[in-house]
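What follows is a short report on a single structure.
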Amino acid sequence: MAKRDVQKNVKCSVLKMSEDTSNFKLPALKKTLESEVSSPNKKVKSEYVRDVKMNIAVEVPLEKIHFTEILLGKGAFGEVRKALWSESDVAVKTMDVLQVDPKNIIKELAILNRVQHQNIVLLMGYAFDSSEFHIIMEFINGYTLSDLIFKRTVKEKLRLDESDKMKIVLQILLGIGFLHEFSQPIVHRDIKPANIMVTKNKLVKICDLGVSQLKQLDTQLLITQGRINCTGTPLYMAPECYLDHQETTQYRDMWSLGCTIIEFFTGKRIWHMENSSVTNLKNILVSQKKPNISCVPEILKKDILDCFNYVPPSSRPKAIKIILTLKNSGVTVHTD
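In full-length UniProt numbering, the protein residues as written are 1 to 336.
Written as structure tokens, this is what we have:
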């Protein structure tokens with residue numbers, strides 16, 4: 001089989017959805033929802049509840065979400081709590097959206113509504129408050145990749161050998177590749193270990209997709225000194241975004257993915273700095289320094305190093321290329 005045909009088949013496998021989500025031609029209710037959110041003169045009805053077969057994220061009355069005291073995560077853009085909704089455990093991200101037009105939020109969610117992949121946390125619904133926006137997501141019982149890398153107690157609970165790590169990397173790539181090769185390509189904008197979950201069965205779930213899209217609507221991200229018009233976490237941010245505030249593309253995701261994979265295999269932060277000041281990070285990126293990849297498995301080294309190509313960003317590999325490399329080397333997805 002020719003290389004081009006193999007790559008085409010891999011692309012098809014990236015885009016292939018699970019049996020209950022494979023049909024993009026959703027029923028009339030979804031069309032109604034999407035037409036309503038695209039019209040500024042109509043309101044989305046709150047009575048709808050997400051149906052598994054229809055896979056529609058809908059507006060939910062806030063009083064129907066029962067928050068627990070369990071804090072799952074907290075950051076500059078809000079916190080995530082475990083909650084109960086529609087008799088299911090869910091994770092709810094609460095964000096301050098005073099600067100964002102609610103109509104823009106709903107339009108963004110109409111696109112994210114169609115993102116259904118086994119390696120991406122499912123968007124289930126949303127709710128508005130007077131000054132806050134709540135994103136209802138699939139609850140994942142597992143650990144963040146960040147905890148697996150940097151917390152000894154978590155590492156001891158879920159002992160990973162190199163084979164396990166390669167399967168986890170492949171799943172991350174499949175999720176990101178799905179976004180990038182989607183009919184309407186989507187850039188995650190904030191790929192990092194803290195936004196990737198791993199279950200006890202070593203299933204990967206990429207988190208914060210909806211949140212990262214909504215952050216972009218606000219356009220202003222506070223990072224210690226001043227504000228920049230590019231969302232993301234500075235340590236994992238591509239230079240064209242951090243330094244030049246250029247338009248976001250899939251290639252900035254590949255830089256962030258490279259940072260994440262290196263941390264996964266080295267167990268250390270991507271950049272070794274005396275402190276994490278903005279100035280030190282800027283100096284690293286201005287000097288076009290590349291990270292140490294000595295701990296990265298040989299099969300991945302070239303592609304991961306190429307994720308740190310500074311100019312042009314488009315010279316970084318696509319996720320689908322690295323997927324092809326791993327599949328050709330015999331790496332398969334963990335299915336336990």
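For glycine and all other residues, C-beta sits at the position ideal for the given N, C-alpha and C. Owing to the predicted nature of the structure, the values given are computational and were not obtained by experimental measurement.
Opposing strand residues paired with residue i [DSSP bridges]
i: L123; result: M137
i: V58; result: G125
i: A238; result: For A238, which the question treats as bridged, DSSP gives no partner whatsoever.
i: V198; result: Y143 and V204
i: V90; result: A83 and E138
i: E156; result: In the DSSP output, where bridge partners are listed per residue, E156 has none listed.
Which listed residue (the options) has its alpha carbon closest to that of residue i
i: S146; options: K268, H272 and H188; result: K268
i: D306; options: P312, L324 and P317; result: P317
i: N283; options: Q246, W255, S314 and L235; result: L235
i: S314; options: P239, M197, K64 and R114; result: P239
i: V278; options: E263, N141 and M237; result: M237
i: S287; options: M197, C295, I299 and W271; result: W271
i: N113; options: E59, V204 and E79; result: E59
i: I70; options: L62, A91 and E87; result: A91
i: D208; options: T325, K321, L109 and P312; result: L109
i: M137; options: S131, S130, G125 and D129; result: G125
i: L285; options: D303, R159, D129 and L243; result: L243
i: N119; options: V204, K327 and G142; result: V204
i: G132; options: F139, L281 and V80; result: Note that residue 132 is Glu in the sequence shown, not Gly. Measuring from the Cα of E132, the nearest candidate turns out to be V80.
i: L324; options: P61, R189 and D303; result: D303
i: F128; options: I140, T249, Y143 and I65; result: I65
i: T266; options: I105, Y251, K82 and P193; result: P193
i: N309; options: S86, K327, I168 and R252; result: R252
i: N328; options: E247, Q246, H245 and M166; result: M166
i: I105; options: V169, I135 and D164; result: I135
i: V121; options: F264, V331 and F178; result: F178
Local conformation of residue i per DSSP, three classes
i: S329; result: coil
i: R316; result: coil
i: L221; result: Any reading at L221 needs caution, since the residue's pLDDT is 33, under 50, leaving its predicted position unreliable; the model's value is listed next. Residue state, collapsed to three classes: strand.
i: L71; result: strand
i: L84; result: strand
i: D147; result: helix
i: D208; result: coil
i: E47; result: Per-residue confidence for E47 stands at a pLDDT of 28, beneath the threshold of 50, marking its modelled position as unreliable; the derived number appears in the next sentence. Three-state result, E47: coil.
i: I191; result: coil
i: G177; result: helix
i: D96; result: strand
i: V169; result: helix
i: V115; result: coil
i: I65; result: coil
i: I323; result: helix
i: T233; result: coil
i: A110; result: helix
i: D161; result: coil
i: I105; result: helix
Those runs of the alpha helix (DSSP H) which lie wholly inside the region 243-312 and span at least 4 residues: 250-266, 278-286 and 298-306
At least 3 beta-carbon pairs within less than 8 Å: the region 249-266 vs the region 282-301: yes
Touching by the beta-carbon criterion (3+ pairs, under 8 Å), the region 128-148 and the region 191-204: yes
Three-pair Cβ contact test at 8 Å for the region 152-162 versus the region 174-182: no
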